[in-house]
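Here the protein sequences come in this chain order: A and B. Numbering of the first sequence is given in the UniProt record's numbering, commencing with residue 1 and proceeding in unit increments. Numbering of the second sequence is given in the UniProt record's numbering, commencing with residue 1 and proceeding in unit increments. C-beta atoms are modelled at their ideal positions from N, C-alpha and C, and glycine is treated no differently. Being a predicted model, the structure only gives us computed values, none of them experimental. Written below as structure tokens is the structure these notes are about.
There are 2 protein chains.
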Amino acid sequence: MDQVEVFKALSNKTRLMILQWLKEPELNFPPQEVDMKEVGVCVGQIHQKAQLTQSTISEYLSVLQRTGLIESTRIGQWTYYKRNEEACQELKRLLETSL
Amino acid sequence: MDQVEVFKALSNKTRLMILQWLKEPELNFPPQEVDMKEVGVCVGQIHQKAQLTQSTISEYLSVLQRTGLIESTRIGQWTYYKRNEEACQELKRLLETSL
DNA sequence: AAGATATATCGACTTTTCCCGATATATCTA
DNA sequence: TAGATATATCGGGAAAAGTCGATATATCTT
Chain A
1 MDQVEVFKAL
11 SNKTRLMILQ
21 WLKEPELNFP
31 PQEVDMKEVG
41 VCVGQIHQKA
51 QLTQSTISEY
61 LSVLQRTGLI
71 ESTRIGQWTY
81 YKRNEEACQE
91 LKRLLETSL
Chain B
1 MDQVEVFKAL
11 SNKTRLMILQ
21 WLKEPELNFP
31 PQEVDMKEVG
41 VCVGQIHQKA
51 QLTQSTISEY
61 LSVLQRTGLI
71 ESTRIGQWTY
81 YKRNEEACQE
91 LKRLLETSL
């Protein structure tokens, strides 16, 4: 895990928010077909909640995914994103030592 | 403490290194007149060790100081920088919850 | 007061990031 | 297969960050 890349990914208000929202998807997004806890939240929902264009949000989700902090599942025409809690934990551990 | 600003400050290899070096100044810098543990390390020493110009390092130290992660003391013509361990701890705590 | 030394600040240039709109791609449905 | 919908990617303009050299400022020494 490249620390600089992770910090860059976290250096943006919207991306930090997304990470927060995905912590408790049921609290932050309207009910879905899928189990949000299990599968995640689709791009459109995140796009609606963040007030930025679809392309920007898609890009931001890629940035976060590249760090490993979130992961995606494609189901039909939707891509669902959810946190990778293990990676988040590992990052915390990393920060514990590297900071 | 503005999270985005902190992460931006940490989004740079050199600044991360500086923060590391200042963790154990006696191990990372040649002996000085002053007690490095207590007072810190002067800009010139950090400048020599990081391979960037004096102005860049001075700027980077300001960036770090603005986050509160390091603090400075002027003694004569030297400015000494050292970690603010309390702030570093607080940041870790913040990350623990905000991440 | 003059010169030396350490640091900070300024102006400039380059690279990166932030966002957008437009378009491409994938999948679904009729 | 045609259209609809969801997402990804591409190209670009504006703003911010990275980095430098030159210069200003502060302090020390003589």
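In whole angstroms, give me the CA-to-CA distance for TYR81 (chain B) and LEU95 (chain B). Along the second sequence, one-based indexing puts residue 81 (chain B) at 81. Along the second sequence, one-based indexing puts residue 95 (chain B) at 95. Here the alpha carbons of LEU95 (chain B) and TYR81 (chain B) stand approximately 24 Å from one another.
In chain order, which continuous runs of the alpha helix (DSSP H) of length 4 or greater are located wholly inside the UniProt domain "HTH arsR-type" (1 to 99) of chain B? Runs found: 3 to 10, 13 to 21, 25 to 28, 43 to 49, 54 to 67, 85 to 98.
If we cut at 8 Å on Cβ distances, does GLU71 (chain A) have a partner in chain B? Residue numbering aside, residue 71 (chain A) sits at position 71 when the first sequence is read from its first letter. With 8 Å as the cut-off, GLU71 (chain A) does not count as an interface residue toward chain B.
Closest by C-alpha distance to CYS88 (chain A), when choosing among A:ILE75, A:GLY68, A:THR53, A:SER72: Within the first sequence, residue 88 (chain A) is the residue found at index 88, counting from 1. Among A:ILE75, A:GLY68, A:THR53, A:SER72, the Cα nearest to that of CYS88 (chain A) belongs to A:GLY68.
Beta-carbon proximity of VAL41 (chain B) to PHE29 (chain B), cut-off 8 Å: As a working note, residue 41 (chain B) is residue 41 in the second sequence. As a working note, residue 29 (chain B) is residue 29 in the second sequence. In this structure, the beta-carbon distance from VAL41 (chain B) to PHE29 (chain B) falls below 8 Å.
Can you round the beta-carbon distance between LEU61 (chain B) and THR14 (chain B) to whole angstroms, since I take them to be within the 8 Å contact cut? Position 61 of the second sequence holds residue 61 (chain B). Position 14 of the second sequence holds residue 14 (chain B). Cβ-Cβ separation between LEU61 (chain B) and THR14 (chain B): approximately 10 Å, too far for a contact (criterion under 8 Å).
Distance, GLN65 (chain A) Cα to GLU59 (chain A) Cα: Within the first sequence, numbered from 1, the residue matching residue 59 (chain A) stands at position 59. Within the first sequence, numbered from 1, the residue matching residue 65 (chain A) stands at position 65. GLU59 (chain A) and GLN65 (chain A) have their C-alpha atoms spaced approximately 10 Å apart.
Contact list for SER11 (chain B) against chain A, beta-carbon separation under 7 Å: By 1-based counting over the second sequence, the position of residue 11 (chain B) is 11. Residues of chain A whose Cβ lies closer than 7 Å to the Cβ of SER11 (chain B) are, in chain order, VAL4, PHE7, LYS8, SER11.
By alpha-carbon positions, which one of B:GLY44, B:VAL6, B:LEU27 ends up nearest to GLN77 (chain B)? Start at 1 with the first residue of the second sequence, and residue 77 (chain B) comes out as number 77. When each option's Cα is compared against that of GLN77 (chain B), the closest is B:GLY44.
Tell me whether ILE75 (chain B) is buried or exposed, calling it buried when 16 or more other Cβ atoms sit within 10 Å of its Cβ. Along the second sequence, read from residue 1 onward, the residue named residue 75 (chain B) stands at position 75. It counts as exposed.
Ignore the nearest five residues each way along the sequence and tell me which others in LEU26 (chain A)'s own chain have a CB closer than 8 Å to its CB. Here residue 26 (chain A) is taken as the residue at index 26 of the first sequence, counted from 1. In the sequence under discussion, the amino acid at residue 26 (chain A) is Glu, which differs from the Leu named in the question. Here the set comprises MET36, LYS37.
Could you tell me which chain B residues have their CB closer than 7 Å to the CB of LEU95 (chain A), listed as they occur along the chain? Your numbering for residue 95 (chain A) matches position 95 in the first sequence. Under the 7 Å cutoff, chain B gives LYS92, LEU95.
Residues of chain A with CB closer than 7 Å to the CB of CYS88 (chain B), please, in chain order. As a first step, residue 88 (chain B) must be located in the second sequence, where it is residue number 88. Neighbours of CYS88 (chain B) in chain A, taken as residues whose beta carbon is under 7 Å from its own, are LEU99 in chain order.
Between PHE7 (chain B) and THR73 (chain A), what straight-line distance do the alpha-carbon atoms span, to the nearest angstrom? Counted from its first residue, the second sequence places residue 7 (chain B) at position 7. Counted from its first residue, the first sequence places residue 73 (chain A) at position 73. Straight-line Cα distance between these residues: approximately 28 Å.
Which bits of chain B does GLN61 (chain A) rub up against, with CB to CB less than 8 Å? Counting from 1 along the first sequence, the entry for residue 61 (chain A) is found at position 61. The residue asked about is misnamed: residue 61 (chain A) is Leu in this sequence, not Gln. Listed along chain B, no residue sits closer than 8 Å to LEU61 (chain A) by beta-carbon distance, the nearest being about 17 Å off.
Ordered along the chain, which non-local residues of its own chain (more than five positions away) have a Cβ less than 8 Å from that of ASP99 (chain A)? The sequence position of residue 99 (chain A) within the first sequence is 99, counting from 1. Contrary to the premise, residue 99 (chain A) reads as Leu rather than Asp in this sequence. Excluding sequence neighbours, LEU99 (chain A) sits near nothing in its chain.
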